[in-house]
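Asker: Protein chains in written order, with my numbering: chain L, 14 to 341; chain A, 64 to 394.
Attaching a single structure in structure tokens format; questions to follow.
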Ligand SMILES: Cc1ncc(C[n+]2csc(CCOP(=O)(O)OP(=O)(O)O)c2C)c(N)n1
Ligand SMILES: [Mg+2]
């Protein structure tokens, strides 16, 4: 476990706030799903909160983030508008993407949330492009691309890491290693036993960290982001974690040993961090409760906004296929 | 046409180089990426020769053999405000990066509700006739036309090559610009200065009222030869060079068919599911009453492209095929 005392209390507050926001949003989606209030296909990031919080803490609005279908935690950590996010998940006209992208394609360029893709591994090559643009601009902006353990076995991963290495691109490859790719266990599908270990094949930095500890992730991301901003090239940060709710909500999870999941949930990263902050007297119980309840109210507002928003006008089917002037 | 006064004879390959040179000179946001595109070679066909020397390796970037990484990097840079021109050495290699092209370049604008756009151009060489066999000879434009969000074009001459490529580079959507290798060395008059061809505008290369002949790319020369032969028989063909396959200039096609009542389409790509099928369907839907004969497609055979010269020639559509078909339609 990382030494919490090395960080400013304001950093802890920020990390906890992000983690609580992710947890509470996720809880709300799943509650609404199981009670039949909404009907969406939902890939829960519950259990992986510490990764997005720890990485996101280092990012500026002009830094770019690319993520996947299991991306809610990354969206929230990048600061996208909660109302617009909820409305997009519910397919409403007021959504970030006017209801045309959905959860798998959340985009919010003003926050630097540039691409969310449903194609495993496809974000890595595109992230290089944002990093190349920053490099050409002479800016110190960085790009973070999030992906799963399974994605490290697709060709796009290797093409992208190689290109980022030879061009010394300011990109951080953040692997959320939740030990499963759909129904396939990490070891069953991944040779070599480590994603971070693959960095050495490309001559770049790679580090495996406890992805359930926000402070460890924060410290690893700090170095990776520093390296990228300084023009010293890319890093693979592999964050070891566990997904609490299967591949997709409704997954029977027969391929997962029940004990393994129970143990992971008993060591809930959000609860553990919260308890630690109180024990270490970093934040008081009252302060934490205040953070939690403020977020709960923000989510109430966002849910209400999304639910009361109209569906997209049917004319939207035909817009945004091409830039101005060309009919689809 | 937005041509300046002066023109000179250029080969298609020179016209493409000229368009890239001018785009790089006029806009810092234009960058080139692709395998082996840097000097001294300037690409396997020498199309980008001189450009890395003139503009530097930051802007004319040779890449490893990583088509997904090339197109992906070009997409990201495009969303970030650049106007990348990515080269896929040979069109057949779209097979290894089609996800980036079809799921990302084509759809990011739509999926983001118009918040992002992808001003990307992908150039590729393409086509048969050099005995390169089944994996280095294909015309795959139908794959691309079937994907909403992409623009697709194939020039038939130097002026269009220069003007259409320039239009693609400065267009805000992802465009695929297809260069038939067998057309690279064809020379024709080309504007020397800034030149653009409007998106989605076909060109009527010859007017006539007996039959409409539609084609695109290097086969336009064959179609014009066929039209000359038909004229000798007293058959006045109208010849349309599509130039853009998406957006498709259906108005020009329909107006011509309404005048002539007959339509023959010729393309190098395999017949089944090809662009010709789309055109035939549009005409059947919109101008059925004007047709005085069935629509005919002359195209690549429904086979892989073979190696042996004799077989490859048998795969390709010919002037003779078109002339015979046109005569049969008119008689
Ligand atoms: C190219 C591609 N192949 C297959 C799929 C189907 N699929 C969706 S998620 C997934 C598992 C990916 O696992 P991982 O990368 O570990 O991410 P996680 O879901 O665990 O976050 C698969 C196979 C896909 N979306 N894209
Ligand atoms: Mg996984």
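Yeah, the Cβ is synthetic: ideal placement off N, Cα and C, and Gly gets one too.
State the Cα-Cα distance for the pair residue 277/A and residue 326/A, rounded to the nearest angstrom.
Answerer: Within the second chain, the letter at position 214 stands for residue 277/A. Within the second chain, the letter at position 263 stands for residue 326/A. So the alpha carbons of these two residues sit roughly 8 Å apart.
Asker: Please report whether the beta-carbon of residue 160/L lies at a distance below 7 Å from any beta-carbon of chain C.
Answerer: Among the protein chains in the structure shown, which are L and A, there is no chain C.
Asker: Cβ of residue 200/L within 6 Å of any heavy atom in ligand 1?
Answerer: By 1-based counting over the first chain, the position of residue 200/L is 187. Checking the Cβ of residue 200/L against ligand 1 gives no.
Asker: For ligand 2, enumerate in chain order all residues having a CB closer than 6 Å to any of its heavy atoms.
Answerer: Here the list is 161/L, 162/L, 163/L, 191/L, 193/L, 194/L.
Asker: Beta carbon of residue 83/L: closer than 6 Å to some heavy atom of ligand 1?
Answerer: Counting from 1 along the first chain, the entry for residue 83/L is found at position 70. Within the cutoff, so yes.
Asker: Should residue 79/A be counted as a contact of ligand 1 given a C-beta to heavy atom distance under 6 Å?
Answerer: The sequence position of residue 79/A within the second chain is 16, counting from 1. Flag unset: Cβ of residue 79/A not near ligand 1.
Asker: Considering only C-alpha positions, which residue in the set 130/A, 336/A, 220/A, 244/A is nearest to residue 194/A?
Answerer: For the purposes of this step, residue 194/A is taken as the residue at position 131 of the second chain. Of 130/A, 336/A, 220/A, 244/A, the residue nearest in Cα terms is 244/A.
Asker: Kindly provide the ranges of any alpha helix (DSSP H) runs that are 4 or more residues long and lie completely inside the segment 280-329 of chain A, ordered along the chain.
Answerer: Within the segment 280-329 of chain A, the complete alpha helix (DSSP H) runs of at least 4 residues are 282-295, 313-323.
Asker: Mark residue 372/A as exposed unless 16 or more other C-beta atoms lie within 10 angstroms of its C-beta, in which case mark it buried.
Answerer: Position 309 of the second chain, counted from the first residue, corresponds to residue 372/A. It counts as exposed.
Asker: List the residues of chain L that residue 212/A touches, going by C-beta distances under 8 Å, in chain order.
Answerer: Counting from 1 along the second chain, the entry for residue 212/A is found at position 149. Going along chain L in sequence order, the residues near residue 212/A (Cβ under 8 Å) are 334, 335.
Asker: Taking contact to mean at least 3 C-beta pairs separated by less than 8 Å, is the segment 115-133 of chain A in contact with the segment 71-82 of chain A?
Answerer: Counting Cβ pairs under 8 Å, fewer than three are found: no touch.
Asker: Within the present structure, is the beta-carbon of residue 164/A separated from the nearest heavy atom of ligand 1 by less than 6 Å?
Answerer: Within the second chain, numbered from 1, the residue matching residue 164/A stands at position 101. Every heavy atom of ligand 1 is 6 Å or more from the Cβ of residue 164/A, so no.
Asker: Any contact of the segment 61-81 of chain L with the segment 115-132 of chain L, i.e. 3+ C-beta pairs under 8 Å?
Answerer: Touching, yes.
Asker: Output, in chain order, the set of chain A residues within a Cβ distance shorter than 7 Å of residue 308/L.
Answerer: Position 295 of the first chain, counted from the start, is the residue given in the question as residue 308/L. None at all; the shortest Cβ gap to chain A is about 26 Å.
Asker: Would you mind giving the Cβ-Cβ distance between residue 161/L and residue 189/L, rounded to the nearest angstrom? I have them listed as a contact below 8 Å.
Answerer: Taking the first chain and counting its residues from 1, the one referred to as residue 161/L is at position 148. Taking the first chain and counting its residues from 1, the one referred to as residue 189/L is at position 176. Right, their Cβ atoms sit about 6 Å apart.
Asker: Within 10 angstroms of the Cβ of residue 352/A, are there 16 or more other Cβ atoms? Answer buried if so, exposed if not.
Answerer: For the purposes of this step, residue 352/A is taken as the residue at position 289 of the second chain. Counting Cβ neighbours within 10 Å, residue 352/A comes out exposed, since fewer than 16 surround it.
Asker: How close, in whole Å, do the beta carbons of residue 263/A and residue 312/A come, if the pair is a contact with beta carbons under 8 Å?
Answerer: For the purposes of this step, residue 263/A is taken as the residue at position 200 of the second chain. For the purposes of this step, residue 312/A is taken as the residue at position 249 of the second chain. Rounded, the Cβ-Cβ distance is 6 Å, consistent with contact.
Asker: Residue 234/A to residue 209/L, Cα distance in whole Å?
Answerer: Locating residue 234/A in the second chain gives position 171, where the first residue counts as 1. Locating residue 209/L in the first chain gives position 196, where the first residue counts as 1. One C-alpha to the other measures close to 40 Å.
Asker: Does the contact criterion of 3 or more C-beta pairs under 8 Å hold for the segment 245-263 of chain L versus the segment 184-200 of chain L?
Answerer: Short answer: they touch.
Asker: Run through chain L and tell me which residues come within less than 7 Å of residue 171/A, C-beta to C-beta.
Answerer: Position 108 of the second chain, counted from the first residue, corresponds to residue 171/A. In chain order: 128.
Asker: Enumerate in chain order the residues of its own chain whose CB-to-CB distance from residue 216/L is below 8 Å, with the five nearest sequence positions on each side excluded.
Answerer: Mapped onto the first chain, residue 216/L falls at position 203. Cβ within range, chain order: 178.
Asker: Can you pull the DSSP bridge partners for residue 214/A?
Answerer: Numbered from 1 along the second chain, position 151 holds the residue referred to as residue 214/A. DSSP output for residue 214/A lists 238/A as bridge partner(s).
Asker: Using a threshold of 7 Å, state whether the C-beta atoms of residue 128/L and residue 76/L are closer than that.
Answerer: For the purposes of this step, residue 128/L is identified with residue 115 of the first chain, where counting begins at 1. For the purposes of this step, residue 76/L is identified with residue 63 of the first chain, where counting begins at 1. No, they are not a contact pair.
Asker: I need the straight-line Cα distance from residue 257/A to residue 246/A, nearest angstrom please.
Answerer: Taking the second chain and counting its residues from 1, one reaches residue 257/A at position 194. Taking the second chain and counting its residues from 1, one reaches residue 246/A at position 183. When rounded, the distance between both Cα atoms is 22 Å.
Asker: Using a Cβ-Cβ cut-off of 6 Å (strictly less than) and excluding sequence neighbours within five positions of residue 226/A, which residues of its own chain qualify?
Answerer: Taking the second chain and counting its residues from 1, the one referred to as residue 226/A is at position 163. So the qualifying residues of the chain are 258, 259, 260.
Asker: Going along the chain, which residues of the segment 154-169 of chain A sit with their C-beta nearer than 7 Å to a C-beta in chain L?
Answerer: The segment 154-169 of chain A vs chain L, Cβ under 7 Å: 162, 163, 166, 167.
Asker: Helix, strand or coil: how does DSSP classify residue 193/L here?
Answerer: Translated into positions along the first chain, residue 193/L becomes position 180. Of the three classes helix, strand and coil, the one that applies to residue 193/L here is strand, per DSSP.
Asker: Shortest alpha-carbon distance to residue 265/A belongs to which of 91/A, 217/A, 374/A?
Answerer: By 1-based counting over the second chain, the position of residue 265/A is 202. Closest by alpha carbon: 217/A.
Asker: Under 6 Å Cβ to Cβ from residue 271/A, same chain only, skipping five residues before and after it: list those, please.
Answerer: As a working mapping, residue 271/A is identified with position 208 in the second chain. 299, 300, 301, listed in sequence order.
Asker: Within the present structure, is the beta-carbon of residue 148/A separated from the nearest heavy atom of ligand 1 by less than 6 Å?
Answerer: Walking along the second chain from the start, residue 148/A turns up at place 85. No, Cβ of residue 148/A sits at least 6 Å from all heavy atoms of ligand 1.
Asker: Using C-beta distances below 7 Å, list every residue in its chain close to residue 386/A, excluding the 5 sequence neighbours before and after it, in chain order.
Answerer: By one-based count along the second chain, residue 386/A stands at place 323. Closer than 7 Å at Cβ, skipping near neighbours: 289, 292, 293.
Asker: Looking at the C-beta of residue 145/A, does it have a partner C-beta in chain L at a distance below 7 Å?
Answerer: If you number the second chain from 1, residue 145/A lands on position 82. Answer yes: the Cβ-Cβ gap between residue 145/A and chain L drops below 7 Å somewhere.
Asker: Quick one: which unbroken alpha helix (DSSP H) runs of 4-plus residues sit fully inside the segment 95-172 of chain L? Chain order, please.
Answerer: Qualifying alpha helix (DSSP H) stretches, in chain order: 95-102, 136-150.
Asker: Could you tell me if residue 19/L is buried or exposed, where buried requires 16 or more neighbouring beta carbons within 10 angstroms of its beta carbon?
Answerer: What you label residue 19/L is simply residue 6 of the first chain in a count that begins at 1. By the neighbour-count rule (16 or more Cβ atoms within 10 Å), residue 19/L is not buried but exposed.
Asker: Looking at the secondary structure, which residues open and close the beta strand (DSSP E) in which residue 6/A lies?
Answerer: Within the shown structure, residues of chain A are numbered from 64 to 394, placing residue 6/A beyond reach of any answer.
Asker: How about residue 204/A and residue 308/A: are their beta carbons less than 7 Å apart?
Answerer: Working through the second chain from its first residue, we reach residue 204/A at position 141. Working through the second chain from its first residue, we reach residue 308/A at position 245. In contact: residue 204/A and residue 308/A (Cβ atoms closer than 7 Å).
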